[in-house]
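One point on numbering: in numbering that gives the first Met the number 0, the residue at position 33 of the sequence shown is 32, and numbering is uninterrupted.
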Amino acid sequence: MVFVFNALSWLIEIYSWALIIYILMSWLPGARESGFGQFLAKICEPYLEPFRRIVPPIGMIDFSPIVAFIVLNLATRGLHQLAYWVL
Numbered sequence: 000m001v002f003v004f005n006a007l008s009w010l011i012e013i014y015s016w017a018l019i020i021y022i023l024m025s026w027l028p029g030a031r032e033s034g035f036g037q038f039l040a041k042i043c044e045p046y047l048e049p050f051r052r053i054v055p056p057i058g059m060i061d062f063s064p065i066v067a068f069i070v071l072n073l074a075t076r077g078l079h080q081l082a083y084w085v086l
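Here you go:
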């Protein structure tokens with residue numbers, strides 16, 4: 000059971016890093032059109048899209064990834080609390 004909680008926590012952390020890289024790629028011209036950028040778009044956009052509908056961009060700044068990171072952080076904390084109570 001410990002392995003499952005550790006694996007889920009690890010996957011959330013890896014996904015968080017994928018989001019960070021994907022967001023930073025938006026600052027580089029043409030980076031999202033690369034093969035790696037398209038791969039990250041396939042795994043990151045489905046998660047970011049609901050947050051973009053809830054939190055519209057203000058000018059050129061998109062705050063939805065910040066909300067997405069907060070939700071991932073809350074999921075990680077919830078997972079750790081669940082592991083604490085189960086184990």
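Beta carbons are placed, not taken as given, at the ideal position from N, Cα and C, and that holds for glycine. What you are looking at is a predicted structure, and each value in this text was computed from that prediction instead of being measured.
Outcome for residue i when other beta-carbon atoms lying within 10 angstroms are tallied against a minimum of 16
i, result
"Tyr21", "buried"
"Leu39", "buried"
"Leu18", "buried"
Selection from the options that minimises the alpha carbon distance to residue i
i, options, result
"Ala6", "Phe35, Ile65, Thr75", "Thr75"
"Leu47", "Gly77, Ser8, Tyr14, Met59", "Tyr14"
Beta-carbon proximity list for residue i, same chain, < 8 Å, skipping 5 on both sides
i, result
"Arg51", "Asp61, Ser63"
"Ala30", "Met24, Gly36"
Check whether residue i and residue j have beta carbons under 8 Å apart
i, j, result
"Val85", "Val66", "no"
"Pro82", "Phe2", "With the sequence shown as reference, residue 82 is identified as Ala, and Pro is not the correct amino acid for it. For Ala82 and Phe2, no; Cβs fall outside 8 Å."
"Leu73", "Ile11", "no"
"Leu78", "Ser8", "yes"
Contact test: residue i Cβ vs the ligand HEM heavy atom, cutoff 7 Å
i, result
"Ile42", "As presented, the structure is devoid of all ligands, the ligand HEM included, so that no description of it is given."
Close-in-space but distant-in-sequence residues of the same chain around residue i (CB under 7 Å, 5 per side omitted)
i, result
"Cys43", "Ala17, Leu18, Tyr21"
message: In chain order, what are the residue ranges of uninterrupted alpha helix (DSSP H) at least 4 long that sit wholly in the region 16-82?
response: 34-53
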